[in-house]
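If you read the sequences in order, they're chains A and B. FYI, in the numbering used here the residues of the first sequence are 43 to 154. FYI, in the numbering used here the residues of the second sequence are 319 to 433. Every residue, glycine too, gets a C-beta built ideally from N, C-alpha and C.
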Amino acid sequence: KQEVTQIPAALSVPEGENLVLNCSFTDSAIYNLQWFRQDPGKGLTSLLLIQSSQREQTSGRLNASLDKSSGRSTLYIAASQPGDSATYLCAVNGGNTDKLIFGTGTRLQVFP
Amino acid sequence: GAVVSQHPSRVICKSGTSVKIECRSLDFQATTMFWYRQFPKQSLMLMATSNEGSKATYEQGVEKDKFLINHASLTLSTLTVTSAHPEDSSFYICSARKTGGKEAFFGQGTRLTVV
Numbered sequence: 043k044q045e046v047t048q049i050p051a052a053l054s055v056p057e058g059e060n061l062v063l064n065c066s067f068t069d070s071a072i073y074n075l076q077w078f079r080q081d082p083g084k085g086l087t088s089l090l091l092i093q094s095s096q097r098e099q100t101s102g103r104l105n106a107s108l109d110k111s112s113g114r115s116t117l118y119i120a121a122s123q124p125g126d127s128a129t130y131l132c133a134v135n136g137g138n139t140d141k142l143i144f145g146t147g148t149r150l151q152v153f154p
Numbered sequence: 319g320a321v322v323s324q325h326p327s328r329v330i331c332k333s334g335t336s337v338k339i340e341c342r343s344l345d346f347q348a349t350t351m352f353w354y355r356q357f358p359k360q361s362l363m364l365m366a367t368s369n370e371g372s373k374a375t376y377e378q379g380v381e382k383d384k385f386l387i388n389h390a391s392l393t394l395s396t397l398t399v400t401s402a403h404p405e406d407s408s409f410y411i412c413s414a415r416k417t418g419g420k421e422a423f424f425g426q427g428t429r430l431t432v433v
């Protein structure tokens with residue numbers, strides 16, 4: 043059974059810092075991995091999608107890497123801003139099941 | 319773009335009544351939609367996979383007679399919480415994939431409170 047874990051569970055940093063959020067999964071047979079952002083009481087916004095054949099994806103200040111063999115992904119946020127404050131979720135798609143299995147989330151707070 | 323609209327965003331109902339939540343893909347067709355439940359400060363738990371024109375596939379532990387799912391068209395799936403009880407109070411979120419696509423797009427979520 044696929045299990046997805048995110049570390050740290052919570053993170054509070056001053057504005058301007060570069061951040062690394064970690065995601066690990068137990069079954070490396072994934073089709074893709076997706077990073078999401080969730081604001082309190084809201085739905086999810088897709089940030090980055092990495093296919094299993096890819097090593098990384100970039101969008102603006104965000105960079106996500108994937109090491110499928112070791113079951114790890116990282117989300118790198120450069121020059122963090124207060125507007126980045128949210129919960130960040132990673133989710134893996136097991137391919138043959140077509141389901142997204144979500145991690146436990148990292149609650150990020152960036153203070154001015 | 320790929321927009322998924324979920325309605326209502328917030329609903330309060332009395333115990334014993336039923337509540338219907340709609341999930342629409344506004345600018346794409348979605349053969350498959352997914353329904354999730356999220357408890358406060360916890361991650362999303364998949365409840366069921368909804369396939370257009372066929373019965374939904376429920377995850378282990380989810381009562382199919384309590385959480386009725388209908389996916390009658392390529393742009394609409396509904397989740398009906400029947401005979402709702404306070405323990406059903408939660409945040410329900412749907413997602414959809416474009417037919418043939420792999421990226422998931424999510425609705426805004428529905429906050430259900432059963433009193």
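So what's A:Asp81 in DSSP terms, helix, strand or just coil?
Taking the first residue of the first sequence as position 1, residue 81 of chain A is located at position 39. It is coil, neither helix nor strand.
Using 10 angstroms around the beta-carbon of A:Ala121, count the other beta-carbons present and answer buried if the total reaches 16, otherwise exposed.
Residue numbering aside, residue 121 of chain A sits at position 79 when the first sequence is read from its first letter. When all chains shown are included, A:Ala121 counts as exposed.
Under 9 angstroms Cβ-Cβ, which residues of chain A neighbour B:Ala422?
Translated into the one-based positions of the second sequence, residue 422 of chain B becomes position 104. Here the neighbours are Gln76, Phe78, Leu86, Ser88, Leu91, Ala133, Asn135, Leu142.
Between A:Gly145, A:Leu142, A:Asp126, A:Gly136, which lies nearest to A:Gly58 when the distance is taken from Cα to Cα?
Counting from 1 along the first sequence, the entry for residue 58 of chain A is found at position 16. The residue with the shortest Cα to Cα distance from A:Gly58 is A:Asp126.
Three or more C-beta pairs closer than 8 angstroms, one from the stretch 65-78 of chain A and one from the stretch 108-116 of chain A: is that the case here?
yes
Might you give, ordered along the chain, the residues of its own chain that have their beta carbon closer than 7 angstroms to the beta carbon of A:Arg103, omitting 5 neighbours on each side?
Counting from one through the first sequence, the residue named residue 103 of chain A turns up at place 61. Ile119, Ala120, Ala121.
Does the distance from the CB of A:Ile92 to the CB of A:Ala71 come in under 8 angstroms?
In the first sequence, counting from the first residue as 1, residue 92 of chain A sits at position 50. In the first sequence, counting from the first residue as 1, residue 71 of chain A sits at position 29. Cβ atoms of A:Ile92 and A:Ala71: not closer than 8 angstroms.
For B:Tyr354 and B:Leu364, which I take to be in contact (beta-carbon distance under 8 angstroms), what is that distance rounded to the nearest angstrom?
On the second sequence, position 36 is the one that residue 354 of chain B refers to. On the second sequence, position 46 is the one that residue 364 of chain B refers to. Confirmed, Cβ separation roughly 6 angstroms.
Confirm, please, whether the CB-CB distance from B:Gln356 to B:Thr428 is below 8 angstroms.
Within the second sequence, numbered from 1, the residue matching residue 428 of chain B stands at position 110. Within the second sequence, numbered from 1, the residue matching residue 356 of chain B stands at position 38. The answer is no: Cβ separation not under 8 angstroms.
In whole angstroms, give me the CA-to-CA distance for A:Gln123 and B:Ser401.
As a working note, residue 123 of chain A is residue 81 in the first sequence. As a working note, residue 401 of chain B is residue 83 in the second sequence. Approximately 44 angstroms, taken between the alpha carbons.
Along chain B, which residues have their Cβ under 8 angstroms away from the Cβ of A:Tyr73?
Position 31 of the first sequence, counted from the start, is the residue given in the question as residue 73 of chain A. Residues of chain B passing the Cβ test: Lys420.
Please list, in chain order, all residues of the same chain as B:Ala320 whose beta carbon is under 7 angstroms from its beta carbon, the five residues on each side excluded.
Here residue 320 of chain B corresponds to residue number 2 of the second sequence, with the count starting at 1. Asp345, Phe346, Lys416, Phe423.
Would you say B:Gln378 reaches chain A, if we count a Cβ-Cβ gap shorter than 8 angstroms as a contact?
If you number the second sequence from 1, residue 378 of chain B lands on position 60. It does not; no Cβ of chain A falls within 8 angstroms.
For a contact defined as C-beta to C-beta under 9 angstroms, what are the partners of A:Thr146 on chain B?
For this step, residue 146 of chain A is matched to residue 104 along the first sequence. What A:Thr146 touches in chain B: Gln360, Ser361.
With distances taken Cα to Cα, identify the nearest neighbour of A:Ala52 among A:Phe144, A:Ile143, A:Leu131, A:Glu98.
By 1-based counting over the first sequence, the position of residue 52 of chain A is 10. Taking only the C-alpha atoms, the option nearest A:Ala52 is A:Leu131.
Nearest chain A C-beta to B:Arg429 closer than 8 angstroms, yes or no?
Against the second sequence, residue 429 of chain B aligns to sequence position 111. Interface residue, yes.
Look at the Cβ atom of A:Gln151, then the Cβ atom of B:Glu421, and state whether they are nearer than 8 angstroms.
Indexing the first sequence from 1 puts residue 151 of chain A at position 109. Indexing the second sequence from 1 puts residue 421 of chain B at position 103. In this structure, B:Glu421 does not lie closer than 8 angstroms to A:Gln151 by Cβ.
By the three-class DSSP mapping on this structure, what secondary structure does A:Pro21 have?
Because residue 21 of chain A is not part of the residues shown, which for chain A are 43 to 154, the question remains open.
Taking the straight line between their C-alpha atoms, what separation do you get for B:Gln426 and B:Gly334?
In the second sequence, residue 426 of chain B corresponds to position 108, counting from 1. In the second sequence, residue 334 of chain B corresponds to position 16, counting from 1. C-alpha separation (whole angstroms): 25 angstroms.
Measuring alpha carbon to alpha carbon, tell me which of B:Gly419, B:Gly371, B:Tyr410 ends up nearest B:Met388.
The sequence position of residue 388 of chain B within the second sequence is 70, counting from 1. Sequence check: residue 388 of chain B is Asn here, not Met. Nearest option by C-alpha distance: B:Gly371.
According to the neighbour-count rule (16 or more other Cβ atoms, all chains shown, within 10 Å of its Cβ), is A:Val46 buried or exposed?
Taking the first residue of the first sequence as position 1, residue 46 of chain A is located at position 4. Under this definition A:Val46 is a buried residue.
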